[in-house]
Structures are given as C-alpha cells and as structure tokens.
Amino acid sequence: MKQKKEFDFFDKPKNRKLLWILLYAVCGLLFIPDFFIHREAHFGIDGIWGFYPILGFVACTVLILFSKLVGMVLKVKENYYD
Amino acid sequence: MPPAVILLVGALFVPFIKGKAKNWFVILLPVLAFYLITQLEAGSSWHVHFFGFDLTFLRVDKLSKIFGYIFTINAFAAFIYAFYLKDNTQHVAALLYIGSALGVVFSGDLIALYFFWEIMAVASTFLILTRKTKKSLGAGYRYILVHVFGGLCFLAGIVFYINSTGSIEFTAMTDRNIATYLILIGMLVNAAAPPLSAWLPDAYPEATVTGGVILSAYTTKTAVYTLIRGFPGWEVLIVIGCIMTLYGIIYALMENDMRRILAYSIINQVGFMITGVGIGTAMSLNGAAAHAFAHIIYKALLWMSAGSVLYMTGKSKCTDLGGLYKTMPLTLIFGGIGALAISAFPLTSGFTSKSLIIDGSMHQHLFWVWLILEIASAGVFLHAGIKFPYFVFFAKDKGLRPGETNKSMLIAMGFMSFLCIFLGVYPKPLYDILPYPMEHFSAYSASHVVSQLQLLMLSALVFFLFLKLLKRTETISIDTDWFYRKGGKIFYRVMDVSLNSINAITDKIFIKQLTGALISFAKDGPANLFMMVAYPFWLISGRKADQIALKKAKIYKNVKISAMPVGIVAVPVILYLTLLFLFG
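As they're listed, the protein sequences go chains A and B.
Heads up: the first sequence is residues 6 to 87, going by my numbering.
Heads up: the second sequence is residues 743 to 1326, going by my numbering.
Written out as structure tokens, the structure is:
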C-alpha cells in the first residue's frame, strides 16, 4: 500500500526562502502607515515616525542579547541539582 | 450558596463513581457552579460565627463574579481536556483546588479567605505529586514548603491586622504597616513575584499533563484577585509588576523545556496584571481583571497544547522536539492561537485585555512603566508567541511521528481557541462584566492596531535573525530556588558535621527528656512555628519585651484551645488526598 505523502511544506528550502521574503516584506510595509496615520502622542517620543517598529526591533535585540549574557552565568547542566 | 461548595462537595463523590460517568460528573460540576454564579446577586451572606468572629463565606460583587466566571469556565475546559483520565487523586485534587480558589474569591473576610488559601496550597501540591516521578516528588515538596512560608506570612499579617484594626473584613488596605505588608508578602508569594517566584517554574513543569493546565490558572490568579481587592494603587506593585514582566521573558528565553518556558511566561503575564493593580485607576484595575480573564484562557490553551505534545511524545524539551507540524497540525493550530493571544495580536483576547493596562499607564503619564510594558509586550511574542511553537512544531525535524492527540483534548483546545478569538473580535461581554465603572473603551483604533502589528512583526523578525543565538542547549537556569535547593544542602552539611558531634554527647542527657519534648511539641508546635515568623517582626516594630511576652502568652493559649484556623481544615484535606494518592 502506498503511504500518504507527508506534509512537509516548511522543510523545503524554497518555501523557507519564500517565508523569509514574506517576513521582510511585511516588516517593510508596516513602516508605510506611519507616513499618514495620526497617532496621538502621550509622551512625545511615541509620536515619532517609526517609533513602534523600531522599539520592537531594538527591545527584542536587547532582550535576546541580555538573556544570552545572563545565560552564560546562570545556565547549568540539567543534573545540577541531582 | 457559595459556588465553592459544589466543587468541594462534588470532590467527595468522585471516588465512588465508576467509568466515564466520573468524567462526565467532574465536567458537570463547574457548569453547575457557573450557573450558580450567574444567579448570585450582589451582597454578602452565609455568615458563620467562629470563635467570636463573624465569617462571611459569600460576598458577591462584580469583582468576585468575574473571577468566578473564568475559574469555572476554565475548570469546564480543563475537565473536558482530562476526559481520558481515570485517576481519582488528580480529579479530587483538581476539584478541591479549584473549589477553594472559588472560596477565596467569594470570601468576605480574611479568616474565611485564609481557610481556602490553605486548602489551595495542599490540594495543588497533589497535582504535582501524582506525576510520581522522582523530580515531581522533590518539586512538590519544595512547592509546599514555599507555600507554607507564604501562608505563614499571610497568617501572621492577618493576626496583626485583626489585632490593630479589630476588623476581619477583607477590603482595600489603606494602612501601611507590618500587618498589611505581611499580608502583601503572603499574596505575592502566590503571585510568583521575584524573589519568591522560583517555586512556579520549579513545580508546574513537573506536574501531570492535566495538572499543568489546571495549575496555570488558579494560584497566581487568586493572588491577582486578592491584590486587586486588597492593594489597589500600592505603588510598590508597579515596580514589582514591571520587574516580573521582564524577568519572565529573560528566563523564558534561556529555557529549554517547553512547559518551563510557559511557566516563566506566567510570571511575565502576571507582571502585567500586578502593574495594573499598582497603577490603581479604574481603567488599570479593570485591565488587571480583564487580563486575568483572557490570560487564564490562552495560558490554559498553551498548556493544553504543550500537554498534548508531552502526552503523545513523552518529551518536553525543545532539544528533543521539532517538526511536529507534520503529524500534530491541529495541536499546532490551537497552540498557535494561544500563542497569538498571549502576544496580544489584534483580533485575539490578549489585545483587547492588555490594552487596558497599557492605556491605563499612559493615562497616568507613567512614562517608564508604559515603556517597560511595551518592551515586555514585544518580548512576549519572542518567547511565548514564537519560541514555544517554533521549537516544538517546526525547527529541526527530530523524526517524531506521534500523530494527533486524542479527541477530548482537541475539543477542549478548540473551545479555548474559540474564546480567544471571540473575545478578541467581540470583547463587549468581557468589558460588560468588568468590576469598576469607566468610560467606554475600545482597543481597535487604526493607530493602535498598526502600532501593535509593527511592534510584534519586528519582534518576529528579530527572533529569526537571531535564531542561531537562540539555539537550544540542554541546560536549566539557576533561579532563586538555588538558595533553598543548593543552599539548603550546604546548610545541611555544615549542620550535619557540627551538630552531630555535639549531638552524640548530649544525646544521652536529652533522651531522657524525649517524652516531655514530644508532648510539648504536640502542644506548642504550631504556636512555635507562628512565633518563628512573628517574633522578628515584633522586634523590628519596636515592641517592648513585656508587650511581646503578653502577646506570646496569648498566642500559645489560642493555639492550645485551637482558636486559630491553621490546620483545622488542611488536616482532613491532606488525609483525604493522601489516602487517594496511596490507594486511589
């Protein structure tokens, strides 16, 4: 009996590449609304063009790097407490 | 009738019901309790006279109701999820745990609340122990110890509070003194606020498959409820909440075990709620309640999907998992909806609830608080929104082909997924039951939706750009539990060597007094425990020696005639659960 072919969309390099392009495109396109959407700025800084996407990018970069740094000290082998 | 009664009494019948009827029975109980809550009218009743105190077992207002609703909805889904389960201990422990959580929420005074608080700690421990692995036994033991400590702080606070105010009513605390701070500490232990937070990621991931789903909802959220009720507007909570949001993310990013990632993300999410409580305006308090409501649903959903993976594969480490999208697509979709909801994606419940807290901070012009909450929002998507599904369902195919999980689990996840989206698209029913009156609120303005999407999508981009840095390692991370896990061992060794030698000499002398010591332990043990906590605080608060002596005598007397609630309720609960655990 022939086995049903497995769904492996996300394993194919071609599709992965496509997803990367999509991700970049979406991120790029999301800067566009900032040209014409009026945002009420409560603190001044949040009214700047591109504030939220840049905040997301910078915040996550810092969080990842920081957790990497902290991890150097705090990560231990799984049997540490045994 | 207090809704807790339905679940607590129901728990007694569970062992006597056979087969699938048992599962139907436990599903029915929260449905009944939910119906009862819809019928409750505001006010207080069920007063019980207890050693000179007038206890109130049923206080109904919008705040207790919203928590009552979500506690029973979640219980309903969790018991559907557990439809495959025959184990009496888990069902009974879950019912006692959820029932007492309802008890806490509907208690009108501190003593009644403490009764239930105690049962919660005991019953929940059994959801960890019943996994019956060496790790779960250790984790359960540490879990109960931390909660005993928290409970003692809470109790000491209550005693001081009653002493100084003469009232046992549980309302917003205004005085800032040793009594209220002790109560606050007791609540913060249950809310998993650092440094007293390590019990959560230590214990929850060791719980059973369904135990994890149930645990994720109640302990921390009853704490959020008590904080909303007791400590609105206490600024210190803003600081604690903000720390929690970031702390949860950093640790979740380091973690390898999928359920441990989710455990840390509970701390992160509760951080948002506690910040809301600290801000203390009607909007932010509503935000805390709404976020607790939405959070219970999507977090249970995430734990359900992780539980399904664990159930089917027996694995929970990211390094062992990957590529499951091929054989568990439905679990992936449901888990994915939970992941989007926790990340507050527009059209999900997280978006409509969290916005209240963040807008609340904006309206109070709290710049740094707002900024930290926005940063943490981005970070949530990073660790819970993408990291969890990515490493479990995608990443590198580890050759696991488990197949889809069982039907009841899928139905429960489908139900929770529906709620996540429903409350995201149509949040009115949730906004209608919020406890405090506020002006009309809508999360859906064009600028808000756009800025949220910008924040989240760029976070996603960062995740994939830094994927190499995020590669999983077979490690655990040291948290504050180090102090009682390693520190305890070191302490034990030092004591072992130093004291045992002395012990050998004194043994002969003291052995004669053994009987006397035993009697005095039985008589004064609980009072001694209490004194251990209370005495240092009396000293700090500058009481004179004769005052302390007087108080001490009073406490010893009270304990001897059992005029304090400690243990009275917990003892039968422990007995019942232990019997089930051993023979059930």
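By construction, the Cβ of each residue, glycine as well, lies at the ideal position given by its N, Cα and C atoms.
Quick caveat: nothing in here was measured; it's all calculated off a predicted structure.
{"Asked": "Helix, strand or coil at Ile1316(B) according to DSSP, with G and I counted as helix", "Found": "helix"}
{"Asked": "Through-space distance from His833(B) to Pro1307(B), alpha-carbon basis", "Found": "The predicted position of Pro1307(B) is uncertain, since its pLDDT is 49 and thus under 50; a value taken from the coordinates is nonetheless stated next. Approximately 26 Å, taken between the alpha carbons."}
{"Asked": "Own chain, CB closer than 8 Å to Leu1241(B), minus 5 neighbours either side, in chain order", "Found": "none"}
{"Asked": "Any C-beta of chain A under 7 Å from that of Val1191(B)", "Found": "no"}
{"Asked": "Whole-angstrom distance between Cys895(B) and His889(B), CA atom to CA atom", "Found": "10 Å"}
{"Asked": "Alpha carbon of Leu1198(B) to alpha carbon of Val1191(B), nearest angstrom", "Found": "11 Å"}
{"Asked": "Buried/exposed call for Met1054(B), threshold 16 Cβ in 10 Å", "Found": "buried"}
{"Asked": "Within chain A, partners of Asp1139(B) - CB distance below 7 Å", "Found": "Asp16"}
{"Asked": "Interface positions of the region 1201 to 1226 of chain B facing chain A (Cβ-Cβ less than 9 Å), listed along the chain", "Found": "Ser1201, Ala1202, Leu1203, Val1204, Phe1205, Phe1206, Leu1207, Phe1208, Leu1211, Leu1212, Thr1215, Glu1216, Thr1217, Ile1218, Ser1219, Ile1220, Asp1221, Asp1223 and Trp1224"}
{"Asked": "Nonlocal neighbours in the same chain, by C-beta distance under 7 Å from Met986(B), ignoring five residues either side", "Found": "Ala935, Pro936, Ile1009, Asn1010, Val1012, Gly1013 and Ile1016"}
{"Asked": "Cα-Cα separation, Val1122(B) to Asp851(B)", "Found": "36 Å"}
{"Asked": "Candidates Pro1169(B), Ala1120(B) and Lys1210(B), of which the one nearest Val63(A) by Cα", "Found": "Ala1120(B)"}
{"Asked": "Neighbourhood of Ala959(B) by C-beta distance below 6 Å, restricted to the same chain and skipping five residues each side", "Found": "Asn816, Ile1038 and Ala1042"}
{"Asked": "7 Å Cβ cutoff met for Lys1061(B) and Arg1214(B)", "Found": "Position check: residue 1061(B) holds Thr in this sequence, whereas Lys was assumed. Contact: yes."}
{"Asked": "Contact list for the region 58 to 78 of chain A against chain B, Cβ threshold 7 Å", "Found": "Pro58, Leu60, Gly61, Phe62, Ala64, Cys65, Thr66, Leu68, Ile69, Phe71, Ser72, Lys73, Val75 and Gly76"}
{"Asked": "Proximity test, Cβ basis, 7 Å: Ile42(A) and chain B", "Found": "yes"}
{"Asked": "Element boundaries [alpha helix (DSSP H), containing Gly1121(B)]", "Found": "Phe1109 to Val1122"}
{"Asked": "Below-7 Å beta-carbon distance, Gly1121(B) vs any chain A residue", "Found": "yes"}
{"Asked": "Sequence-distant residues of the same chain with beta carbon closer than 6 Å to Ser939(B), five excluded per side", "Found": "Ile1009"}
{"Asked": "Endpoints, the alpha helix (DSSP H) within which Val1051(B) is located", "Found": "Ala1024 to Thr1055"}
{"Asked": "Neighbour flag for Ala1188(B) against chain A, beta carbons, 7 Å", "Found": "yes"}
{"Asked": "7 Å Cβ cutoff met for Leu1004(B) and Trp1045(B)", "Found": "yes"}
{"Asked": "Identified DSSP bridge partners for Ser787(B)", "Found": "Leu800(B)"}
{"Asked": "CB contact check: Lys22(A) to chain B, cutoff 7 Å", "Found": "no"}
{"Asked": "Neighbour flag for Leu35(A) against chain B, beta carbons, 7 Å", "Found": "yes"}
{"Asked": "Boundaries (first-last residue) of the beta strand (DSSP E) holding Thr1215(B)", "Found": "From DSSP, Thr1215(B) is part of no beta strand (DSSP E); its letter is neither H nor E."}
{"Asked": "The beta strand (DSSP E) enclosing Lys82(A), as first and last residue numbers", "Found": "Lys80 to Lys82"}
{"Asked": "Leu827(B) CB to nearest heavy atom of the ligand SAH below 6 Å", "Found": "No copy of the ligand SAH appears in this structure; indeed no ligand is present at all."}
{"Asked": "Start-end ranges of the beta strand (DSSP E) lying completely within the region 1187 to 1236 of chain B, minimum 3 residues", "Found": "1217 to 1219"}
{"Asked": "Buried or exposed by the 16-neighbour rule on C-beta atoms within 10 Å, applied to Asn905(B)", "Found": "exposed"}
{"Asked": "Boundaries (first-last residue) of the alpha helix (DSSP H) holding Cys895(B)", "Found": "Lys876 to Thr907"}
{"Asked": "Continuous alpha helix (DSSP H) stretch holding Asp13(A): start and end", "Found": "Careful: Asp13(A) lies outside any alpha helix (DSSP H) and carries neither H nor E."}
{"Asked": "7 Å Cβ cutoff, Met1155(B) in contact with chain A", "Found": "no"}
{"Asked": "Below-7 Å beta-carbon distance, Phe912(B) vs any chain A residue", "Found": "no"}
{"Asked": "Identity of the residues DSSP links to Asp999(B) by a beta bridge", "Found": "Lys1059(B)"}
{"Asked": "Coil, strand or helix - Asp851(B) by DSSP", "Found": "strand"}
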